[in-house]
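Chains A and B are the protein sequences, given in the same order. Counting in the numbering used here, the first sequence runs from 46 upward without gaps. Counting in the numbering used here, the second sequence runs from 329 upward without gaps.
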Amino acid sequence: RKEVEQDPGPFNVPEGATVAFNCTYSNSASQSFFWYRQDCRKEPKLLMSVYSSGNEDGRFTAQLNRASQYISLLIRDSKLSDSATYLCVVNIRTGGFKTIFGAGTRLFVKA
Amino acid sequence: EAGVTQSPTHLIKTRGQQATLRCSPISGHTSVYWYQQALGLGLQFLLWYDEGEERNRGNFPPRFSGRQFPNYSSELNVNALELEDSALYLCASSKTGYSYEQYFGPGTRLTVT
Chain A
46 RKEVEQDPGP FNVPEGATVA FNCTYSNSAS QSFFWYRQDC RKEPKLLMSV
96 YSSGNEDGRF TAQLNRASQY ISLLIRDSKL SDSATYLCVV NIRTGGFKTI
146 FGAGTRLFVK A
Chain B
329 EAGVTQSPTH LIKTRGQQAT LRCSPISGHT SVYWYQQALG LGLQFLLWYD
379 EGEERNRGNF PPRFSGRQFP NYSSELNVNA LELEDSALYL CASSKTGYSY
429 EQYFGPGTRL TVT
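Below, the structure written as structure tokens:
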């Protein structure tokens with residue numbers, strides 16, 4: 046079982062739609078959580094950190110459920126520019142520390 | 329504020345050679361991370377340096393090594409290159425501590441022929 050799992054998609058949505066991405070992690074020693082976006086052949090860019098209390102940044106809302114080991118990202122009012130791959134990222138403290146990236150969920154927003 | 333920088337942008341080597349990739353972190357960041365992203369695949373954690381020390385490494389053979397300099401810049405060395413080492417190598421930096429957000433450089437695309 047992968048340590049961080051995401052639905053690979055692709056998600057094809059029209060502009061203005063609301064889309065939700067899910068991510069599960071298997072290691073209970075996971076300490077911190079993030080969402081990144083990656084455009085084709087570019088470096089990942091930090092979208093937002095994810096906190097247990099949930100957090101919102103404009104059209105983006107992230108949630109963390111430690112009991113279910115589950116992270117989500119909600120994008121409201123999708124824009125064409127939201128088309129990208131969304132990566133779920135988990136930092137695990139076990140012995141040392143390591144960062145695990147999910148394989149990503151591909152989003153296409155169409156006019 | 330300058331972001332993470334990496335050099336070179338592209339690197340072409342032949343099998344068996346050695347490659348050296350360089351990374352300069354964001355000012356004030358002391359942690360540097362290296363990742364490999366093969367074409368069409370996800371990011372794989374390679375190495376983490378903090379305050380000049382290697383703190384952890386991913387599941388890669390010993391021919392992948394590196395170091396961090398006193399100014400917190402870092403280099404990744406790949407010895408005895410193999411064809412499957414062809415990938416985008418990404419460097420990220422953060423403040424000290426594993427909970428901080430990582431910020432990525434544009435990467436070095438290594439091609440092994």
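Just so you know, even glycine gets a beta-carbon here, dropped at the ideal spot from N, CA and C. Treat the numbers as computed from the prediction; the structure is a model and nothing was measured.
Cβ neighbour criterion (16 or more within 10 Å) applied to cysteine 85 of chain A: Label assigned to cysteine 85 of chain A: exposed.
CB of glutamine 365 of chain B within 9 Å of CB of leucine 418 of chain B, strictly: Taking 9 Å as the Cβ cut-off, glutamine 365 of chain B and leucine 418 of chain B qualify as a contacting pair.
Threonine 358 of chain B: first and last residue of the uninterrupted beta strand (DSSP E) it sits in: Run containing threonine 358 of chain B: none; DSSP gives neither H nor E here.
Interface flag, glutamine 345 of chain B vs chain A, CB-CB below 9 Å: No Cβ of chain A is located within less than 9 Å of the beta carbon of glutamine 345 of chain B.
Any chain B beta carbon closer than 9 Å to phenylalanine 66 of chain A: So, not an interface residue.
Alpha-carbon to alpha-carbon, alanine 107 of chain A and methionine 93 of chain A: Distance between the alpha carbons of methionine 93 of chain A and alanine 107 of chain A: 8 Å.
Sequence-distant residues of the same chain with beta carbon closer than 7 Å to leucine 411 of chain B, five excluded per side: Answer for leucine 411 of chain B: Arg343, Val440, listed in chain order.
Ordered list of alpha helix (DSSP H) runs contained in the segment 99-127 of chain A, each at least 4 residues: With a minimum length of 4 residues, there is no unbroken run of alpha helix (DSSP H) contained wholly in the segment 99-127 of chain A.
Range covered by the beta strand (DSSP E) that runs through phenylalanine 397 of chain B: That residue, phenylalanine 397 of chain B, is in no beta strand (DSSP E); it is neither H nor E in DSSP.
Members of the segment 140-153 of chain A near chain B, C-beta cut-off 9 Å: Listed in chain order, the positions of the segment 140-153 of chain A with a beta carbon within less than 9 Å of a beta carbon of chain B are Gly140, Gly141, Phe142, Lys143, Thr144, Ile145, Phe146, Gly147, Ala148, Gly149.
Chain-ordered residues of the segment 376-407 of chain B with a beta carbon less than 8 Å from chain A: For the segment 376-407 of chain B, which is checked against every Cβ of chain A, the residues closer than 8 Å are Trp376, Arg383, Asn384, Gly386.
DSSP state of leucine 409 of chain B mapped onto helix, strand, coil: Looking at leucine 409 of chain B - three-state DSSP - the assignment turns out to be coil, as it is neither helix nor strand.
Within chain B, the residues that glutamate 60 of chain A reaches when beta carbons sit closer than 8 Å: The premise fails here: glutamate 60 of chain A is roughly 27 Å from chain B at the closest Cβ pair, so nothing lies under 8 Å.
Ranges of the beta strand (DSSP E) found wholly within the segment 50-96 of chain A, counting only runs of at least 3: Runs found: 56-59, 64-70, 75-83, 90-95.
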